[in-house]
Amino acid sequence: MKNTFSILLSFIFLIFLAACGNSGDKKDSGMMNTGDAAQKVYVAPGEYDEFYAFMSGGFSGQISVYGLPSGRLLKVIPVFSQDAEKGYGYNEETKPMLNTSYGFVPWDDAHHPELSQTDGVPDGRWIFINGNNTPRIARVDLTTFETTEIIEIPNSGGNHSSPFITENSEYVVAGTRFSVPFPQKDVPIDSYKENFKGALTYIKADEPGNMDVSFQILVPGYDYDLAHSGKGKSHGWTFFTTYNTEESHTLKEVNASQNDKDFIAAVNWKKAEEYLEQGKGKKMPSDYIHNYYDEETHTATSTEKKEVTVLIPSECPGLIYYLPTPKSPHGVDVDPTGEYIVGNGKLSADLTVHSFSKMLTAIENEEFEGEVDGIPILKLDAVSAGTVSSGGLGPLHTEFDGKGNAYTTFFISSEVVKWKLGTWEVLDRAPCYYSVGHLMIPGGDSKSPWGKYLVALNKITKDRYLPTGPEMNHSAQLYDISGDKMELILDFPTIGEPHYAQAIPADIVMENSKKIYPIEENKHPHAVKNEKDVRVERDGNVVRVYLTSIRSHFNPDNIEGIKVGDKVYFHLTNLEQDWDTPHGLSIMGARNAELLVMPGQTETLVWEPQKAGIYPFYCTDFCSALHQEMQGYIRVSPK
Ligand code: CUK
Ligand code: CUA
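Under mature numbering (1 follows the signal peptide of the UniProt record, and there is no 0), residues -18 to -1, 1 to 621 are what the sequence shown spells out, in order.
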């Protein structure tokens, strides 16, 4: 107990050091020769970057897209948060995307983007990301860079170990960070040990629109932190880290760090599929919501779900095992061959590496040291492949370069350490400014990484850029890892707090990139495909204005006959069929932000005018030399 406490105290002290200590000296930029570095990141005006990097927006709820190596911000994709710039979550078409069983929730905390994979390699079709707060997973279609699907995760509290994907995008996973009663109910919090349970959820994800809870595994009430699926020889398995195996419900900072070891949970999901086929799944009532944006009708719909299928480990032998892992593991990362499972014990200096093949042998020989709720605990000796004595402190996450090397971030000692798989020797270390969380190598958690660059995603910016008041944007740092030594070549700010990121060669995404929506394929129920069909229709106090935009006018541009108390739907179809020519629509006093309609799309702004008068409206996106003329008037009369 005393020992744990002193470790904790030194941990807290070191966080303090990391946060405050190394921010004074601006002279040591940690950078290679400036001219060489500039050349490496220089992408000439008009040239394209080599990689797309997708960074989680953390508490912004979105994904931001950067070009590498330039570090140029290309786009912010709205996912879990309303976005006034694009009207996402404000227009009628996308509002349903943010529905949950708790109602409309227009914000979340997005941590881990995961690219879809084919045969263990990122394929550029979709990117998934978790909502940590109101448990959700979103799918973004990379032909359009739009969020097309969001599924809520039931029986979960804090969807953190998510949405780590399986080798052919069969599933994205979701492990609960907070254990909660399963199903939810009103119980005393101090009945934690009796009532609180963990859930590991597998979501079908291999077809657009098919995201659904395939099954949940009911597990002990630990905190499930991170995950990665197996690949190659370990395809068919997923590994989840746990902390708080003490099952404490209060002062977790101290109480959840008592045990010297927590577990990595190894789940055999192929076995789960067999059990489901045998009818071992139990149906349990659960409320959750699935939202789907149909790219033909340009409209999202929400579907309520009422039950889930649950597998109970004690009734399904061989489904799940625990691998003891020292010092409160945070990240768990699987090397490109699928053999090594790296546990990053965040209160430790060393990394624990488990061997997948030793794990299989240990299971066969039943080398168990105990069990919890029917889940065998394997002996650490029997599964351990080796230990990396890093010399760093506070390891969080590991990625791989595909050349036999691994790179681990150390939050407390604020550095990335490069080490060799198999020999466990440390090869290089590079400081981060400051206090790095995740890191990302393009394809670095896949079967075949493009190991040229490494991006460190840092928690503290301090003095790296011009001061912007008490809050600074977080910082990302780009390292060239093509040689023996890591070389810092660029430093750039990010949006929100990026936790994880993923990157992929630009060619793979560009190949299928959509430039317009063909107008003839627009199946929106309120689309107007020709200027001669524009009209205003009234039904009681509901008014529908069917209008079009094309450079440089709206049709109609004078609208009369609207009354106070009406509910007015502006259905705007953008008739343009040219790349990058959206038109916007804003109305004085309207509370639902604006519309920003892509070529060939239809979007709807709802407006309930409160006062009689003349209301100007205009296009918000500078679309031609006569953009400023793209405007109109609405007359609102008293009731
Ligand atoms: S967590 Cu942020 S540093 Cu949410 Cu992936 Cu590890
Ligand atoms: Cu259309 Cu500006």
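Backbone N, C-alpha and C fix where the C-beta goes; we use that ideal spot for every residue, glycine too.
C-alpha gap between residue i and residue j, whole angstroms
{"i": "Phe146", "j": "Val61", "result": "17 angstroms"}
{"i": "Leu(-2)", "j": "Tyr153", "result": "Low local confidence applies: a pLDDT of 42 at Leu(-2) is under 50, so the model's placement there is unreliable, with the coordinate-based value given in what follows. One C-alpha to the other measures close to 40 angstroms."}
{"i": "Gly614", "j": "Gln484", "result": "44 angstroms"}
{"i": "Ile246", "j": "Asn141", "result": "17 angstroms"}
{"i": "Val518", "j": "Asn537", "result": "11 angstroms"}
{"i": "Tyr303", "j": "Val249", "result": "7 angstroms"}
{"i": "Lys(-17)", "j": "Gly102", "result": "Any reading at Lys(-17) must be qualified, since the residue scores a pLDDT of 39, below 50, and its modelled position is unreliable; no value is offered."}
{"i": "Tyr174", "j": "Leu200", "result": "15 angstroms"}
{"i": "Val58", "j": "Gly425", "result": "21 angstroms"}
{"i": "Gly547", "j": "Lys593", "result": "9 angstroms"}
{"i": "Lys441", "j": "Gly40", "result": "11 angstroms"}
{"i": "Pro449", "j": "Gly320", "result": "44 angstroms"}
{"i": "Asp383", "j": "Val437", "result": "12 angstroms"}
{"i": "Lys265", "j": "Phe197", "result": "10 angstroms"}
{"i": "Gly373", "j": "Tyr204", "result": "29 angstroms"}
{"i": "Ile490", "j": "Asp105", "result": "7 angstroms"}
{"i": "Ile498", "j": "Glu134", "result": "30 angstroms"}
{"i": "Gly113", "j": "Asp90", "result": "5 angstroms"}
{"i": "Lys215", "j": "Ser38", "result": "29 angstroms"}
{"i": "Ser619", "j": "Val527", "result": "16 angstroms"}
{"i": "Ile132", "j": "Ala92", "result": "12 angstroms"}
{"i": "Lys402", "j": "Ile359", "result": "28 angstroms"}
{"i": "Leu362", "j": "Thr334", "result": "10 angstroms"}
{"i": "Gly376", "j": "Asp65", "result": "36 angstroms"}
{"i": "Ile357", "j": "His565", "result": "57 angstroms"}
{"i": "Val23", "j": "Val418", "result": "21 angstroms"}
{"i": "Lys213", "j": "Ser430", "result": "10 angstroms"}
{"i": "Gly433", "j": "Gln459", "result": "16 angstroms"}
CB of residue i within 9 angstroms of CB of residue j, strictly
{"i": "residue 632", "j": "Phe604", "result": "There is no way to answer for residue 632, as the model of the chain reaches only from -18 to 621."}
{"i": "Tyr389", "j": "Met468", "result": "yes"}
{"i": "Val47", "j": "Tyr30", "result": "no"}
{"i": "Asn504", "j": "Glu278", "result": "yes"}
{"i": "Phe392", "j": "Leu378", "result": "yes"}
{"i": "Glu32", "j": "Leu50", "result": "yes"}
{"i": "Pro500", "j": "Ile544", "result": "no"}
{"i": "Leu439", "j": "Pro413", "result": "no"}
{"i": "Asn273", "j": "Thr281", "result": "no"}
{"i": "Ser161", "j": "Lys179", "result": "yes"}
{"i": "Lys243", "j": "Gly218", "result": "no"}
{"i": "Ser310", "j": "Ser239", "result": "yes"}
{"i": "Tyr275", "j": "Thr129", "result": "yes"}
{"i": "Ser144", "j": "Ile119", "result": "yes"}
{"i": "Asn177", "j": "Lys186", "result": "no"}
{"i": "Asp207", "j": "Gly157", "result": "yes"}
{"i": "His94", "j": "Tyr482", "result": "yes"}
{"i": "residue 623", "j": "Pro202", "result": "Beyond the ends of the chain as shown, which are -18 and 621, falls residue 623; an answer cannot be given."}
{"i": "Phe552", "j": "Leu578", "result": "no"}
Residue i: CB within 8 angstroms of a non-hydrogen atom of the ligand CUA
{"i": "Asp603", "result": "yes"}
{"i": "Ser531", "result": "yes"}
{"i": "Met580", "result": "no"}
{"i": "Glu508", "result": "The sequence given here has His at residue 508, not Glu. His508: no, Cβ never under 8 angstroms from the ligand CUA."}
{"i": "residue 643", "result": "Missing from the structure shown is residue 643; the chain here goes from -18 to 621 and no further."}
{"i": "Gly614", "result": "no"}
{"i": "Gly451", "result": "no"}
{"i": "Ser606", "result": "yes"}
Any non-hydrogen atom of the ligand CUK within 8 angstroms of residue i CB
{"i": "Gly313", "result": "yes"}
{"i": "Leu375", "result": "no"}
{"i": "Leu97", "result": "no"}
{"i": "Tyr482", "result": "yes"}
{"i": "Gly71", "result": "no"}
{"i": "Gly419", "result": "yes"}
{"i": "His210", "result": "no"}
Min CB distance residue i to chain C below 9 angstroms
{"i": "Thr232", "result": "Looking for chain C here will not work: only one protein chain is present."}
Residue i Cβ short of 8 angstroms to the ligand NAD heavy atom set
{"i": "Gly566", "result": "Ligands in the displayed structure: the ligand CUK and the ligand CUA; the ligand NAD is not one of them."}
Do three or more CB pairs link the stretch 69 to 81 to the stretch 99 to 111 at distances below 8 angstroms? no
Starting from the N-terminal side, write out each stretch of the beta strand (DSSP E) that is 3 residues or longer and does not extend beyond the stretch 219 to 249. 219 to 225
Every unbroken beta strand (DSSP E) within the stretch 295 to 368, with a cutoff of 3 residues, ordered by chain: 302 to 308, 311 to 316, 322 to 327, 332 to 337, 350 to 354, 357 to 360
Please confirm if the stretch 231 to 240 is in contact with the stretch 335 to 350, defined as three or more CB-CB distances below 8 angstroms between the two stretches. no
Mind the definition here: the stretch 80 to 87 touches the stretch 471 to 486 only if three or more C-beta pairs lie below 8 angstroms; say whether that holds. Segments in contact, no.
At 4 residues or longer, and completely inside the stretch 488 to 514: list those alpha helix (DSSP H) runs for me, N to C. 488 to 492
Start-end ranges of the alpha helix (DSSP H) lying completely within the stretch 49 to 127, minimum 4 residues: Qualifying alpha helix (DSSP H) stretches: none in this window.
What residue ranges within the stretch 428 to 482 form continuous beta strand (DSSP E) runs of no fewer than 3 residues, ordered along the chain? Segments of the beta strand (DSSP E) lying fully in the stretch 428 to 482: 435 to 440, 457 to 462, 469 to 475.
Please go through the stretch 559 to 609 and give each complete beta strand (DSSP E) segment of 3 or more residues, from N-terminal end onward. As far as the stretch 559 to 609 is concerned, its whole beta strand (DSSP E) runs of at least 3 residues are 565 to 569, 577 to 579, 584 to 589, 595 to 600.
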